[in-house]
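Residue numbers (the working numbering), protein chains in the order written: chain R, 1 to 331; chain P, 1 to 144; chain Y, 1 to 277; chain S, 1 to 341.
Down below is the structure, laid out as structure tokens.
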């Protein structure tokens, strides 16, 4: 259950809208079911009262929308950001992707978001309703006579289980309590893969990446992917392709995409959330983050505005490429 | 005489200001290095985008080596420092995906180091030859 | 399998002549390797030309169907495929498939009518096949007026043919115009839409317009003002295409596919479609 | 006439078919989803409602090579690499997906026939499977599809203990002969019972009342400039998820790949949601995501019906509802434009 109630958000949004401080509100719109919320721009008080939602299914990170929405709007935009979203927000500001003056940020605490896939795996298909309780969710389905009690921890998204920070690194106003940078086990899975033999690693990634359908959802949702024209869409780039023709193309796309955001990826986990094939794409990004931390010192993208990303920086004493594998002799 | 001995195809990206001249020097000094090494001249080692490395593998390379100026000697002051970080991360990522780490290398070779150039290429070619054909980053279409 | 017909599989063509028309337009003559015309077509139809490895693109066939020996394509240099074609030499092979699209109704609606052709720039390319078809069967049509404008005299496509052949035909009047005055040009100067108005044609003519979208728009406005009905005016469209047969799904305007329901549209048909072209 | 095969013999049933023809069945993709896999004795049948990707792949693959060229100097040699498809069987195709083949047929089998598609279609044998547990995302009934009465060469119903089979076509009859020793004649009471149960669920589905009134033939003018497109499309990322999981999306791109020793011309799925879908040298008629978003839904709900006697190009399988990264989908579009929300 989220600590802040939807009504608190709605009241703030409406009062800011009515006072003219903001001209629109970027928030989550109720869908057909309890879980399919859509990012939306609200400008109308009644619309907000009726359709604005804040619950355990509001996973979408709004930061990237600010790039296009601030361009399209003359007035200020109110945006609600969860702690992990604020990192993407800062990173986009660092890269001068939108005008900070046009945004009013309300930070909201987050208790983690539910992965609907996990929920379905647990209670079965045919989800009808879900009610948040102290410990979890009370879910009804088309095929169960009684509501099923679901432990929230068992259905949280991977990125929320391994939440790196509940601290807001950017806001104009904070609702509720400020959180802390968390001790997270987010690199454990990376370490587990590193510990495999090369053959196992190859088989693991071959299996995962071969499911890719090249829908580009990971790229299009990624707050770090804000190029006007992606190399993979550009016919003269030499690497343009829109089909997972074979295992090479699948690897090419995902390696290069992860590399392009290396050092700028805040580990918000949107790529894995949106992947229709459930490819654990965050494990590629986290590998880069882990390596960067290990090779060049701890660095968290988006922690502060204006920091220099590790790949556009260097030290005279940097590790040599040949020393990368030192101490890692799994062959 | 052994026929059809497997010969690896090696792509070497060489910086125009150092290792490319180093290769020249190796040639002038009649130093041998394998003919399987195909040199691509780049204005600076930092011109080598990670996608170039992958493209080389796609097009049939069995090993890719990037040669640049020694740290501190970059013609553009700092290009090779960026290369160092990029390639360290890229090589580590390729390894993470289960691609043999011996297929990639970054070396600093100056224009005066013809001997080092030849030795590096000999060593790298041998290392790659020991691995055999690149199967993990191949594009079967290019082998038709 | 190989006995199943497949429209996506082209035939090989050879460029047998390259004519430089303007600084950015060249006309290519294409035949099959054994010297024949690749296929028959009707005026206004298109063909897919491709260079393997570069890409495939749709071009209108500029030569008249009455030419049974070869096909010609007037091509402006503006993208990947056209850039490549512009550096191609005589003898270069390419692939060609077609013909695609609905042709101009030269044997039905046009028959017996006075025809007014209006073209701007490279817009003459698709009209040239109709004009030459009508000239060939001169007795089937009434008077023919051709208004053709371009940025400058150097940009007039097929200038030679216009001067040496078209103007000498009986009952064919050619009205040339260029956008800006230049030395040695004693013809009309001005944009096509206003020139059309100046010429104040009888409104019983059937008109065929092709050119840049903005020119078509203003010319059409001018003609409606002059008293033409949309039903009298034809134009030909162009959108991105991949298959040429209404399957790849990208050249639609509303529910019409330009590749198979067009490229020739009557303006009243066009105004029923959504404004997305 | 209905025959049944005990579920204890399901593997023998698969083996009998696979002994004669290549067989594909839904199996786990290892990540919580399902995928059609080629059957071998290790393949475990996965009883799921829908596979992540639709079975349109079997007839209209995600990518396929069309032809090859060898280029020498100014000369081009064209190689026709087409090969007649071999007979294959797809088991477990849901009623909505079976209907999607009809929608694809009208595109690919209309003149000029697409020989690549036609060959596979002629050699494919479909064993459909009626739905016993529809999901909340299902709305096939909106498009007059009966999820309890699937089409296909053989229709199948799966109960707790048996698979009930009915051949609908000659191809189906021939396949039934292959498994005759594993099946027995039976009455259809269990099937009828299952149908009744499912009908009850169908009435309870959240999207059961989805209406089509405002869509269909000749509705372009009413719908094209509807202001709702602005708000509907505002969250759209422009990715191709909906398109690529959709059983009826059929747009494709033709591209050339230079292998270094020849050129392969291949075809791959394309999406009208992609920014460069209609991009030309001189510009793009669909400049913003709104136009591209509108195109996809107008195509399914208006343009396709315009060209195909009112048939809609959506089968209500619910894949896009489940997979869209921003949860914007055809059901929401239909409700909004229908004035419901």
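Ideal placement from N, C-alpha and C gives every residue a C-beta, glycine not left out.
Secondary structure of residue 71 (chain Y) (DSSP, three-state): strand. Under the three-state reduction of DSSP, residue 180 (chain Y) is assigned to coil, being neither helix nor strand.
Bridge partners of residue 17 (chain Y) according to DSSP: Y:29.
The criterion of a C-beta distance shorter than 8 angstroms is not satisfied by residue 148 (chain S) and residue 204 (chain S). As DSSP reads the structure, residue 300 (chain S) sits in no beta bridge.
Note on residue 192 (chain S): under 16 other CB atoms within 10 angstroms of its CB, so exposed under the neighbour-count rule. Contact check for residue 151 (chain S) against residue 132 (chain S) fails: the beta carbons are separated by 8 angstroms or more. Against chain S, the CB of residue 8 (chain Y) has a partner CB under 8 angstroms away; the residue lies at that interface. By a beta-carbon distance limit of 8 angstroms, residue 176 (chain Y) contacts residue 156 (chain Y). Their separation comes to about 7 angstroms. One alpha carbon belongs to residue 218 (chain S), the other to residue 253 (chain Y), and they sit about 14 angstroms apart.
The beta carbon of residue 266 (chain S) sits closer than 7 angstroms to the beta carbons of 63, 64, 65, 66, 255, 257 from its chain, once the five residues preceding and following it are set aside; these are given in chain order. Between residue 32 (chain P) and residue 118 (chain P), the beta carbon gap of about 7 angstroms places them in contact (Cβ cut-off 8 angstroms). The Cβ atoms of residue 112 (chain S) and residue 239 (chain Y) do not sit closer than 8 angstroms to each other.
Under the 8 angstroms Cβ criterion, the segment 151-158 of chain R does not count as touching the segment 138-147 of chain S, having fewer than three qualifying pairs. Between residue 134 (chain S) and residue 201 (chain S), the C-beta spacing is below 8 angstroms.
Close to residue 141 (chain P), with beta-carbon spacing below 7 angstroms, are these residues of chain S in chain order: 257, 259, 264. DSSP places residue 65 (chain R) outside any beta strand (DSSP E); the residue lies instead in the alpha helix (DSSP H), whose first and last residues are 63-72. Chain-ordered listing is empty here: chain S has no CB closer than 9 angstroms to the CB of residue 86 (chain P), the nearest sitting near 26 angstroms. Straight across, the Cα-Cα distance linking residue 105 (chain R) with residue 235 (chain R) is about 38 angstroms. When DSSP states are grouped into helix, strand and coil, residue 264 (chain R) belongs to the coil group. Collapsing the DSSP output to three states places residue 80 (chain S) in coil. Per DSSP, residue 334 (chain S) lies in no beta strand (DSSP E); the unbroken alpha helix (DSSP H) holding it starts and ends at 330-337.
The alpha carbon of residue 41 (chain R) has as its nearest neighbour, out of S:230, S:2, S:48, the alpha carbon of S:230.
Counting C-beta pairs with one atom in each stretch, the segment 114-123 of chain S and the segment 156-165 of chain S have fewer than three that are closer than 8 angstroms, which means they do not touch. Shown here, residue 248 (chain S) sits in coil according to DSSP, grouped into three states, outside any helix or strand. Between the alpha carbons of residue 287 (chain S) and residue 130 (chain P) lies a distance of about 53 angstroms. The beta carbon of residue 59 (chain P) sits closer than 8 angstroms to some beta carbon of chain S. If only uninterrupted beta strand (DSSP E) runs of at least 3 residues are considered, those enclosed by the segment 117-185 of chain Y are 144-150, 172-178. According to DSSP, residue 263 (chain S) shares a beta bridge with S:69, S:258.
For residue 11 (chain P), the secondary structure class from DSSP, reduced to helix, strand or coil, is strand. In this structure, the straight-line span from the alpha carbon of residue 227 (chain R) to that of residue 259 (chain S) is close to 28 angstroms. For residue 82 (chain P), the enclosing alpha helix (DSSP H) covers residues 79-96. In the three-state reduction of the DSSP assignment, residue 199 (chain Y) falls in the helix class. Within the segment 234-260 of chain Y, contact with chain S at the beta-carbon level (separation under 9 angstroms) is assigned to 238, 239, 240, 242, 243, 245, 246, 247, 248, 249, 250, 251, 252, 253, 254, 255, 256, 257. Of all alpha-carbon atoms in R:208, R:57, R:191, the one lying nearest the alpha-carbon of residue 92 (chain P) is that of R:191. For residue 220 (chain R), the enclosing alpha helix (DSSP H) starts and ends at 217-221.
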